[in-house]
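Student: Just so it is clear: in the sequence shown, position 404 is 404 by the UniProt record's numbering, and no numbers are missing. Please see the structure below; I have some questions.
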Amino acid sequence: MSNLSHKKSSFISIEPNKLSGWSDAQVMKLTQRKPKLIFANVETALKPRMRSLQDMGFSDTEIVQLVSSCPTLLLLCDIQLRINFWRSLLGSNERLLKACKRNMFILTSSLARNIEPSISLLREHGISDERIAHMVVTMPGGFGRIDKLKEVIKYIEELGVPRDSGVYTKALNVVITVSRSKFDAMSVTLMSFGWSQPDIIALIRKCPTIWTLSKKNICDKMTFLMKEAGCELTYIIGHPMLLTYNLEKRLRPRYDVMNFLDQKKLLDRGHDLLSVVMLPEEKFRNKFLFLLCKEKFIAQYESYVVAVQLLEIKLESTRGDLIPVPRKFFPIAEAIDDTGRQISGPGGEFIPVRPRRPPVSGCVKPESTVKLSSTATATAAFSLAKGGKSGGMFLRRAPIAAAFSTENGGCCGFLSVGER
1 MSNLSHKKSS FISIEPNKLS GWSDAQVMKL TQRKPKLIFA NVETALKPRM RSLQDMGFSD
61 TEIVQLVSSC PTLLLLCDIQ LRINFWRSLL GSNERLLKAC KRNMFILTSS LARNIEPSIS
121 LLREHGISDE RIAHMVVTMP GGFGRIDKLK EVIKYIEELG VPRDSGVYTK ALNVVITVSR
181 SKFDAMSVTL MSFGWSQPDI IALIRKCPTI WTLSKKNICD KMTFLMKEAG CELTYIIGHP
241 MLLTYNLEKR LRPRYDVMNF LDQKKLLDRG HDLLSVVMLP EEKFRNKFLF LLCKEKFIAQ
301 YESYVVAVQL LEIKLESTRG DLIPVPRKFF PIAEAIDDTG RQISGPGGEF IPVRPRRPPV
361 SGCVKPESTV KLSSTATATA AFSLAKGGKS GGMFLRRAPI AAAFSTENGG CCGFLSVGER
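Here's what the structure looks like:
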């Protein structure tokens, strides 16, 4: 009976209007993640700690984010001490929230045993507080494990990465998050393509993020660059940033465009592959893709558009108005607002978006097709039942048109997806 009475004064029993910013669903999710909160006393523990967060300047929304990231925070007696320590280092609530979201233990780790010694160690190695703060936000997993941090620093120095180098903290981040076995395996993979040990050490200094990629990812890119793009090994070693770009959405599509333009003698001079790959999408389109349109090489233009998914959307109904459709039903959710309506630009133009793959669903039913005027059109159709399970449309590697109907008022229309 006493246990039941205690539960009635727990976190889950707080009325929504007394727990500003929290929904019932968020409270339930929080107690599922940290069941001990159910048994924590509201008056003597939870409310005072919530009030303490408010007194420290956190808004209701920020408190929800902070506690959701680190539920154990409400069970600690020294909340103010911990938060003030981190906030003085990071400089803002925003950066603290970002760090906590990446590592829920950052506020619960012992300051005296782990955090302060880790920060002191980094300072001893010449790393400024500003760079340490950046590391906390981008690689919070490296803090709280002083022994691991010592090993990583020693390994980085053995590799010859200078402390004052811009990649020093990146190298620390990678070595902390990637196992030593993966490091060794990646080295073996690179050596199989002709990289030497000095080349690999130089790679760690120049571009340590390479080690976060998979073996297959590196193999596919090296094979493409050397066999299809015709790059010399020395060029790749000298420009390792090439290996960080997406093969199917950046390297291959842009190489194919440049190779085609070169074969058609449409380029006034040679272009370095890395400089082409590094161009922002808009600049690449304005500088090179327009040549394909100008010369009416539509198939090649569409091939590039499909590869990088530079698609646009338009949602219409047979009555001329916009159809309210739940955004979860579409892989083009970025162009649908919270009410399910299309978002247009200032002049009513379509907004280019990068479609996302929708969840697998059994509610997608083929019915009919609507063709676009494009020469490379894939078609699909589906129906959405009101109150039914999540529906969706699978995006194929081509511009898409799809006919659909909803049982919500019998509204029929079509969704067209095409190039800009």
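Built from N, CA and C at the ideal position, the CB exists for glycine as well.
So what does DSSP say about Arg195, is it helix, strand or coil?
Tutor: Sequence check: residue 195 is Trp here, not Arg. Residue state, collapsed to three classes: coil.
Student: Would you kindly check if the distance between the Cβ of Gly238 and the Cβ of Arg205 is under 9 Å?
Tutor: No, the pair does not count as a contact, with Cβ atoms beyond the cut-off.
Student: How many whole angstroms separate the CB atoms of Lys170 and Pro208, which I take to be in contact at a CB cut-off of 8 Å?
Tutor: With 8 Å as the limit, Lys170 and Pro208 qualify as a contact, their Cβ atoms being about 5 Å apart.
Student: Just verifying my parser: in three-state terms, what is the DSSP assignment at Ser118?
Tutor: Of the three classes helix, strand and coil, the one that applies to Ser118 here is helix, per DSSP.
Student: Under 8 Å by Cβ, that's how I've got Leu251 and Phe224 pegged, so tell me the actual separation to the nearest angstrom.
Tutor: Going by Cβ atoms, the distance from Leu251 to Phe224 rounds to 6 Å, so yes, they are a contact pair.
Student: For Arg269, which three-state DSSP category applies?
Tutor: The answer is coil: DSSP assigns Arg269 none of H, G, I, E or B.
Student: Here's the rule: buried if 16 or more other CB atoms are within 10 angstroms of the residue's CB, otherwise exposed. What is Arg49?
Tutor: So Arg49 counts as buried.
Student: So, Lys101 versus Gln65, is the Cβ gap smaller than 9 Å?
Tutor: In this structure, Gln65 lies closer than 9 Å to Lys101 by Cβ.
Student: Spatial neighbours of residue 421 within its chain, please: C-beta separation below 7 Å, excluding the five flanking residues on both sides.
Tutor: Missing from the structure shown is residue 421; the chain here goes from 1 to 420 and no further.
Student: If you follow the alpha helix (DSSP H) that Ile63 is part of, which residue opens it and which one closes it?
Tutor: Here the alpha helix (DSSP H) through Ile63 covers 60-69.
Student: Which residue wins for smallest C-alpha separation from Ile79, given the options Ile176, Thr108, Lys148, Val308?
Tutor: Of the listed residues, the one whose Cα sits closest to Ile79 is Thr108.
Student: Measuring straight from C-alpha to C-alpha, what distance separates Lys287 and Val257?
Tutor: The alpha-carbon atoms of Lys287 and Val257 are separated by roughly 11 Å.
Student: Name the two residues that bound the continuous alpha helix (DSSP H) containing Ile156.
Tutor: It spans 146-158 - the alpha helix (DSSP H) in which Ile156 sits, taken as one unbroken run.
Student: Tell me the start and end of each unbroken alpha helix (DSSP H) in the region 241-305 that is at least 4 residues and wholly inside, in chain order.
Tutor: Segments of the alpha helix (DSSP H) lying fully in the region 241-305: 252-263, 273-278, 281-284, 290-294.
Student: Is the separation between the beta-carbon of Thr177 and that of Thr234 shorter than 9 Å?
Tutor: Against a cut-off of 9 Å, the Cβ pair of Thr234 and Thr177 comes out as no contact.
Student: For Pro35, which of helix, strand or coil comes out of DSSP?
Tutor: Pro35 falls in the helix class under three-state DSSP.
Student: Locate the alpha helix (DSSP H) running through Val136, then write down its first and last residues.
Tutor: Its alpha helix (DSSP H) spans residues 129-138.
Student: Out of Gly126, Leu74, Leu172, point me to the one whose CA is closest to Leu46's CA.
Tutor: Nearest of Gly126, Leu74, Leu172 to Leu46, Cα basis: Leu74.
Student: Between Ser214, Ala40, Lys148, which has its C-alpha nearest residue 473's C-alpha?
Tutor: This structure leaves residue 473 out entirely; the chain is present only between 1 and 420.
Student: Would you give the residue range spanned by the alpha helix (DSSP H) that Phe85 belongs to?
Tutor: Run containing Phe85: 79-90, per the alpha helix (DSSP H) assignment.
Student: Return helix, strand or coil for Ala229, following the three-state DSSP convention.
Tutor: Looking at Ala229 - three-state DSSP - the assignment turns out to be coil, as it is neither helix nor strand.
Student: Taking DSSP as the reference, what is the three-state secondary structure of Gly166?
Tutor: Coil at Gly166, not helix or strand.
Student: So what does DSSP say about Ala202, is it helix, strand or coil?
Tutor: Residue state, collapsed to three classes: helix.
Student: Here's the rule I'm using: 16 or more other beta-carbon atoms within 10 Å means buried, otherwise exposed. How should Asn84 be labelled?
Tutor: Answer is exposed; the Cβ neighbour count stays below 16.
Student: Compare the beta carbon distance of Ile156 and Val136 with 9 Å and say whether it is the shorter of the two.
Tutor: Contact flag unset, no.
Student: On the CB-based measure, 16 or more other CB atoms within 10 Å of its CB, does Pro253 come out buried or exposed?
Tutor: Looking at its Cβ environment, which holds 16 or more other Cβ atoms inside 10 Å, Pro253 is buried.
Student: Between which two residues does the alpha helix (DSSP H) holding residue 428 run?
Tutor: This structure cannot settle anything about residue 428, because the visible part of the chain is limited to 1 through 420.
Student: So, at 6 Å on beta carbons, what are the nonlocal neighbours of Leu89 in its own chain, with the 5 sequence-adjacent residues on each side left out?
Tutor: Ala133.
Student: I need the DSSP call for Leu76, collapsed to helix, strand or coil.
Tutor: Reduced to three states, the DSSP call for Leu76 is coil.
Student: Could you give the DSSP three-state label for Ile210: helix, strand or coil?
Tutor: Looking at Ile210 - three-state DSSP - the assignment turns out to be helix.
Student: Does DSSP classify Met50 as helix, strand or coil?
Tutor: Note: Met50 maps to helix in three-state DSSP.
Student: Take the Cβ of Arg163 as the centre, count every other Cβ of all protein chains shown within 10 Å, and call the residue buried at 16 or more, exposed below.
Tutor: By the 10 Å Cβ count, Arg163 comes out exposed.
Student: Applying the criterion that 16 or more other CB atoms from any shown protein chain within 10 Å of the CB defines a buried residue, is Ser179 buried or exposed?
Tutor: Exposed is the call here.
Student: Following the continuous alpha helix (DSSP H) through Met222, name the residue where it begins and the one where it ends.
Tutor: Unbroken alpha helix (DSSP H) run through Met222: 215-223.
Student: Under 9 Å between the Cβ atoms of Leu273 and Ala202?
Tutor: For Leu273 and Ala202, no; Cβs fall outside 9 Å.
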